[in-house]
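Here's the structure we're looking at; comments come further down.
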Amino acid sequence: MPLSQDRKGELIAATPLFDGVDGDGLARIAGRAIEVEYPAGGVIARQGEIGTGFFIIVAGTVRVVRAGETIARLGPGDFVGELSVLDQGPRVAQVVADEPTVCLALASWDLEAVIAEQPRVALAILRGLAGRLRELTESHHH
């Protein structure tokens, strides 16, 4: 059964990347997000391709694979694909569904439109990316 607009909004609100985004911003994101299902083994994003989508995992688990090595496992509330969407560069890793997985997908042009309408969305994304960068930086120094 497809997710309702309200349920999409709840799932987006629960994603740490969007902490600090107000109800109107969340509703705008939910209005542009589409539900996509992947079977076990389905490729959500391919390393090296230019990304046109950003994904929030709603159900299931995924593996993030770089150069054949699994570098992360992610689940509901996690997000992938943001770097390629933001900088329009190639994807830095492949993302594969470990089991049947449901994502909310947001096309790059839709994300840009939401950011233009809702600057708090841009700030939330920057904070989310900074957090990931901090984790990587700190894990390499210890």
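Going by my numbering, the sequence shown opens with residue -2, and the numbers climb by one from there.
Heads up, the beta-carbon is just placed ideally off N, CA and C, and yes, glycines get one too.
Three-state secondary structure (DSSP) of residue i
i    : result
Q2   : helix
G50  : strand
E96  : coil
R43  : coil
A110 : helix
V18  : coil
P13  : helix
Beta-carbon proximity of residue i to residue j, cut-off 7 Å
i   : j    : result
F52 : I41  : yes
G78 : G48  : yes
V18 : A121 : yes
Span separating the alpha-carbon of residue i from that of residue j
i     : j    : result
G128  : S1   : 30 Å
M(-2) : G125 : 30 Å
V33   : S136 : 33 Å
L80   : V118 : 15 Å
F76   : P13  : 9 Å
C100  : V55  : 5 Å
E66   : T134 : 19 Å
T58   : P116 : 30 Å
V62   : R70  : 9 Å
R4    : I26  : 12 Å
D107  : R29  : 6 Å
L130  : G74  : 18 Å
V111  : L123 : 14 Å
E109  : G20  : 18 Å
8 Å CB neighbourhood of residue i in its chain, flanking five on each side removed
i   : result
P23 : Residue 23 is actually Leu in this sequence, not Pro. For L23, where only same-chain residues beyond five positions count, the Cβ hits under 8 Å are G6, I9, A10 and F15.
G39 : V93, A94 and T98
Same chain, Cβ closer than 7 Å to residue i, neighbours up to 5 away in sequence not counted
i    : result
A113 : none
R43  : R88 and Q91
P36  : A94 and P97
Q85  : I47
Neighbourhood of residue i by C-beta, 6 Å cutoff - its chain only, sequence neighbours within 5 removed
i    : result
S105 : T49 and V82
G45  : P87
I31  : A102
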